[in-house]
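In the numbering used here, the protein residues as written are 23 to 293. Cβ coordinates follow ideal geometry from the N, Cα and C atoms, glycine included. Heads up: the structure comes next, in structure tokens.
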């Protein structure tokens, strides 16, 4: 990797195994074993879209940073004949997915809701830099269904009650009935591990490779699934309801949440 700061090259590298990224992730540590930066690396033997995803994440980080959104600074991004990479500055805080003490969990959920509201209310004042609208997602879904990617992903997840093609017909009917909806600045993968909480309630965002202008219900649906997930047993359904209460029920359409749950199922990772 070619790093903008040569001093980073001397840091100790530690693999990060937590998470669902198909990239290799390294934590770069200083002499005190403090994380200074993180590196994502994609070998060119991997599917080509992974390198494109890495390039897209770098562009989104710069876009969000220019808007004043609390994301990591890009320290290096590049490619050579064997691999592509993205190196970002380490941010302070703990992932919201950490095993918080019972006495702190309600406050964590309120911070998540406040962070979502602030992000969604952020004025962008620019053209549609990154499109995450429902029509755009549907066009991607049609391509994935046609290529067989969705059926493979559903088979790997044990979902066999319907085919992707028949589910797509239901999805398109629901999307047409509900409409495009409002567009806001959205994280794109707003789940517990992708939100960092530092002392004094300072919140920042990581893994923003799907950030875009989109229906804010997409972020809300992501967080509700994350809070209810067995992977985060310290939370659960009651905290998901608290999240919706704290965000503001008057801003939420349950049918749009259901739509985005269906949309997301077409983007599960395929083997």
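Sub-8 Å separation of residue i and residue j beta-carbons
| i | j | result |
| --- | --- | --- |
| residue 15 | residue 91 | With the chain covering only 23 through 293, there is no way to say anything about residue 15. |
| residue 200 | residue 277 | yes |
| residue 251 | residue 131 | no |
| residue 166 | residue 172 | yes |
| residue 89 | residue 225 | no |
| residue 279 | residue 242 | yes |
| residue 104 | residue 142 | no |
| residue 94 | residue 217 | no |
| residue 274 | residue 203 | no |
| residue 61 | residue 51 | no |
| residue 196 | residue 284 | yes |
Between the CA atoms of residue j and residue i - distance to the nearest angstrom
| i | j | result |
| --- | --- | --- |
| residue 182 | residue 194 | 20 Å |
| residue 98 | residue 107 | 8 Å |
| residue 38 | residue 57 | 12 Å |
| residue 160 | residue 282 | 11 Å |
| residue 135 | residue 231 | 21 Å |
| residue 174 | residue 185 | 10 Å |
| residue 270 | residue 292 | 35 Å |
| residue 246 | residue 86 | 23 Å |
| residue 244 | residue 263 | 13 Å |
| residue 26 | residue 96 | Confidence in residue 26 is poor, its pLDDT being 47 and thus under 50, which makes the residue's placement unreliable; the coordinate value appears in the next sentence. Rounded to the nearest angstrom, the two C-alpha atoms are 9 Å apart. |
| residue 45 | residue 256 | 28 Å |
| residue 145 | residue 78 | 21 Å |
| residue 35 | residue 55 | 10 Å |
| residue 53 | residue 47 | 20 Å |
| residue 69 | residue 248 | 27 Å |
| residue 290 | residue 188 | 17 Å |
| residue 158 | residue 221 | 38 Å |
| residue 240 | residue 162 | 16 Å |
| residue 170 | residue 129 | 43 Å |
| residue 126 | residue 168 | 46 Å |
| residue 73 | residue 121 | 33 Å |
| residue 33 | residue 198 | 52 Å |
| residue 192 | residue 260 | 30 Å |
| residue 229 | residue 223 | 20 Å |
Cβ distance (whole Å) where residue i is taken to contact residue j below 8 Å
| i | j | result |
| --- | --- | --- |
| residue 219 | residue 116 | 6 Å |
| residue 59 | residue 101 | At roughly 18 Å, the Cβ-Cβ gap does not stay under 8 Å, so residue 59 and residue 101 are not in contact. |
| residue 76 | residue 64 | 5 Å |
Contact with chain D by residue i, beta-carbon distance below 8 Å
| i | result |
| --- | --- |
| residue 63 | Here chain D cannot be found, since the structure has a single protein chain. |
Completely contained alpha helix (DSSP H) runs for the stretch 118-163, where each covers 4 or more residues: Runs of the alpha helix (DSSP H) lying entirely within the stretch 118-163, each at least 4 residues long, are 124-142 in chain order.
query: Using 8 Å as the threshold, is the stretch 174-189 in touch with the stretch 209-217, meaning 3 or more CB pairs across them?
result: No contact exists between the stretch 174-189 and the stretch 209-217.
- request: Answer yes if the stretch 228-247 comes into contact with the stretch 145-163, meaning at least three C-beta pairs across the two stretches below 8 Å, and no otherwise.
  value: A contact exists between the stretch 145-163 and the stretch 228-247.
- request: Tell me the start and end of each unbroken alpha helix (DSSP H) in the stretch 154-226 that is at least 4 residues and wholly inside, in chain order.
  value: Annotation: the stretch 154-226 contains the following complete segments of the alpha helix (DSSP H) (minimum length 4 residues), in chain order: 156-168, 171-178 and 186-200.
task: Pick out the complete beta strand (DSSP E) segments inside the stretch 83-118, 3 residues or longer, and give them in chain order.
output: Contiguous beta strand (DSSP E) elements confined to the stretch 83-118 occur at 96-101 and 105-111, taking only those with 3 or more residues.
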